[in-house]
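Asks:
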Amino acid sequence: MNGNSFADRQAAAAKARKAMAEKFLANSKHDPADPTVVEREAKRKAILEARALRDVERAKRKAEQAVQEAARRAAEESARQEQLRLEALAREAEAQRLREEAEKLEFEHKLERDARYAARKERKKKKKSASERWG
Numbered sequence: 003m004n005g006n007s008f009a010d011r012q013a014a015a016a017k018a019r020k021a022m023a024e025k026f027l028a029n030s031k032h033d034p035a036d037p038t039v040v041e042r043e044a045k046r047k048a049i050l051e052a053r054a055l056r057d058v059e060r061a062k063r064k065a066e067q068a069v070q071e072a073a074r075r076a077a078e079e080s081a082r083q084e085q086l087r088l089e090a091l092a093r094e095a096e097a098q099r100l101r102e103e104a105e106k107l108e109f110e111h112k113l114e115r116d117a118r119y120a121a122r123k124e125r126k127k128k129k130k131s132a133s134e135r136w137g
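Numbering-wise, the working numbering puts 30 at position 28 of the sequence shown, and it's gapless, one number per residue.
#1: Quick one: Cα of E59 to Cα of A48, how far?
#2: Rounded to a whole number of angstroms, what is the C-alpha to C-alpha distance between R125 and A104?
#3: Helix, strand or coil, according to DSSP, for K129 in the structure here?
#4: Rounded to whole angstroms, what's the CA-CA distance from Q12 to A28? Just pull it up for me.
#5: Given K123, which residues of its chain have a CB within under 6 Å of its CB, disregarding the five upstream and five downstream residues?
#6: Taking only the alpha-carbon atoms, compute the straight-line gap between E24 and D10 and give it to the nearest angstrom.
#7: Do you know how far the Cα of L50 is from the Cα of V40?
#8: A35 lies in the alpha helix (DSSP H); which residues open and close that run?
#9: Under the three-state reduction of DSSP, which class applies to S7: helix, strand or coil?
#10: Using only the alpha-carbon positions, how far apart do D57 and Q67 sit?
#11: Alpha carbon to alpha carbon, how far is K64 from R87?
#12: Going straight from the alpha carbon of R53 to that of L91, what length do you get?
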């Protein structure tokens with residue numbers, strides 16, 4: 003073997019990890035006073051504010067649309083109710099017409115029956131008795 007034991011390799015790996023961590027921590031991402039960082043933060047803040055404004059406008063539009071939709075639905079419902087009322091009135095008028103027609107027919111039948119009854123009575127009056135017929 004060439005002298006690289008497991009412990010040696012493990013120690014070298016740990017040392018390398020430690021060196022990378024120190025290098026990473028030594029170089030900070032950015033300097034808060036750097037003009038490019040300040041400009042980038044300002045742009046990010048402007049974008050966030052614009053997004054918030056768009057969200058507010060979207061919420062307003064959505065609320066307005068909801069109000070319009072509610073008004074449209076209310077108008078449709080009132081129109082539907084009016085249509086139902088008119089249909090009910092038409093049905094009631096038709097039912098009344100049918101009742102009146104039935105009463106008229108019944109009255110006509112009664113008149114015909116009364117006329118037949120009167121005719122029968124008249125025939126009986128005209129009918130001569132046996133003594134009148136043979137004298």
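C-beta: ideal position from N, C-alpha, C; glycine also.
Note that the structure is a prediction, hence the values are computed from the model and not measured.
Replies: Looking at the coordinates:
#1: 16 Å
#2: 31 Å
#3: coil
#4: 24 Å
#5: none
#6: 21 Å
#7: 15 Å
#8: Counting along the chain, A35 falls outside any alpha helix (DSSP H), and DSSP gives it neither H nor E.
#9: coil
#10: 15 Å
#11: 34 Å
#12: 56 Å
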